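Mapped onto numbering that gives the first Met the number 0, the consecutive letters of the sequence shown carry residue numbers 0 to 337. Where is the CB? At the ideal position from N, CA and C, for every residue including glycine. Quick caveat: nothing in here was measured; it's all calculated off a predicted structure. Report on one structure; see the data block that follows.
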Amino acid sequence: MPKRIAVVGAGIIGLSQACELQKKFPDAEITIVAGEFSPDLTSDIAAGFWHPYLLGESIPPETLKRWLGATFSYILGYARSHPTHGAMIISGYEFLRKAVPRPEFADFFLQFRELPADEILAVRGTEAYPAEQGWFYTTVFLETGLHMRYLLKKFRQNGGIIQKRILESLDDLGNKYDAIVNCSGLGAIKLVGDKTVHPIRGQVIRVKCPTIKHFYLDDEMYILPNSETTVLGGTAEKDDWDLSVRPATVKWIFEENAKRMPALREAEIVSHRVGLRPGRHSPRVELENRLVAGKMTPVIHNYGHGGSGVTLFQGCAIDGVELVRKALESQRSPTSKL
Numbered sequence: 000m001p002k003r004i005a006v007v008g009a010g011i012i013g014l015s016q017a018c019e020l021q022k023k024f025p026d027a028e029i030t031i032v033a034g035e036f037s038p039d040l041t042s043d044i045a046a047g048f049w050h051p052y053l054l055g056e057s058i059p060p061e062t063l064k065r066w067l068g069a070t071f072s073y074i075l076g077y078a079r080s081h082p083t084h085g086a087m088i089i090s091g092y093e094f095l096r097k098a099v100p101r102p103e104f105a106d107f108f109l110q111f112r113e114l115p116a117d118e119i120l121a122v123r124g125t126e127a128y129p130a131e132q133g134w135f136y137t138t139v140f141l142e143t144g145l146h147m148r149y150l151l152k153k154f155r156q157n158g159g160i161i162q163k164r165i166l167e168s169l170d171d172l173g174n175k176y177d178a179i180v181n182c183s184g185l186g187a188i189k190l191v192g193d194k195t196v197h198p199i200r201g202q203v204i205r206v207k208c209p210t211i212k213h214f215y216l217d218d219e220m221y222i223l224p225n226s227e228t229t230v231l232g233g234t235a236e237k238d239d240w241d242l243s244v245r246p247a248t249v250k251w252i253f254e255e256n257a258k259r260m261p262a263l264r265e266a267e268i269v270s271h272r273v274g275l276r277p278g279r280h281s282p283r284v285e286l287e288n289r290l291v292a293g294k295m296t297p298v299i300h301n302y303g304h305g306g307s308g309v310t311l312f313q314g315c316a317i318d319g320v321e322l323v324r325k326a327l328e329s330q331r332s333p334t335s336k337l
């Protein structure tokens, strides 16, 4: 009888996890269970920029490096071979009020250079706040909406099962699964009682401004061009559950970004979006044996990525697969010795 595995959650974390499980366990029956699917997810609102952001500080350095590298390579591969699935290579500028050492994650960029003072002034102009340091680099970008639709289609084509329903508890899954992978994001507060998870509210504006070709970010704001629109952000409001668009925030985001990029004043506003990032002191990627609907079941957790879901998803999915493998191995009966 094939193994049955449930993946809870259908954001970029859950979908990538489900597809990686299909690769490793092609004979398994894999089901995604989620209350919402794209385009109604926080992952759809994400700007898609590969850059550690709002990430907990408790990740072991080697683990973080592995997650970063696997995800960067994955997006880069799609950008080079299947760009219609939302991946792209992009260059641009980052500015900081105070100088910091070269970040270790810059090793993954396709190119990276420090900007001299005259170039910082030339690019920023005089209206934006002063910057002590500037970088120009080439990284990768993933339009999450496009890529999640691709992953969902691939998952279905490979025999995956979809259940659209809201879980009040993991017990709602019943006891038929051999393993459960919890990619529920903020849902982990309710589903597994993790009180260290908290929302980080993000509000963004999407505009059409075809003259913008490079990304631009600093300590407060970001301007990130996609294939059809440009994302302007943004906010990072901890413990704020409000999903309504705040007019004062709209004005602040637009005006501050227009100071940095005056071409935005001629831009066409397409939409305003609000999402809640799943903050945590560190992403939780680990195995827990847990009583689910009266049956001791391996639950593999993969949640709490803050604002770095797009930056870490593939690396975490690979680790999640390995944890599932170990859990299923432990369920095998000992071999008889004659």
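- Taking 8 Å as the upper bound for CB-CB distance, LEU53 and GLY305 are in contact here, some 4 Å apart.
- Contact fails between the region 159 to 166 and the region 96 to 113, because fewer than three Cβ pairs, one in each stretch, are under 8 Å apart.
- Under the Cβ criterion (8 Å, minimum of three pairs), the region 1 to 16 counts as touching the region 24 to 32.
- For the pair of segments examined, the region 185 to 196 was found not to touch the region 216 to 236: the number of CB pairs separated by less than 8 Å stays below three.
- Restricting attention to HIS300, LEU242, ALA316, the CA atom closest to the CA of LEU40 is found in LEU242.
- Looking at the backbone, the Cα of LEU151 and that of PRO129 are separated by about 44 Å.
- Positions of the beta strand (DSSP E) runs, each at least 3 residues long and wholly inside the region 166 to 214, are given as 178 to 181, 197 to 207 in order along the chain.
- Our two residues, GLU265 and GLY158, have alpha carbons roughly 47 Å apart in a direct line.
- Secondary structure note for ILE31: its beta strand (DSSP E) is the uninterrupted segment 28 to 33.
- Here ALA316 has SER15, GLN16, GLU19 as same chain residues with Cβ atoms under 6 Å from its own Cβ, once five neighbours each way along the sequence are excluded.
- Closest in C-alpha terms to PRO209, from the list ALA292, GLY186, ILE222, ASP318, comes ILE222.
- Counting the other Cβ atoms within 10 Å of the Cβ of HIS81 gives fewer than 16, which makes it exposed.
- The closest CA to that of ASP177, considering only LYS64, ALA78, ARG289, THR62, is found on ARG289.
- Within the DSSP secondary-structure output, TYR92 pairs in a beta bridge with PHE135, TYR215.
- For MET147, the secondary structure class from DSSP, reduced to helix, strand or coil, is helix.
- Collapsing the DSSP output to three states places PRO224 in a strand.
- ASN256 has no beta-bridge partner at all, per DSSP.
- The residue among HIS280, LEU169, PHE135, ARG148 with its C-alpha nearest the C-alpha of PHE214 is PHE135.
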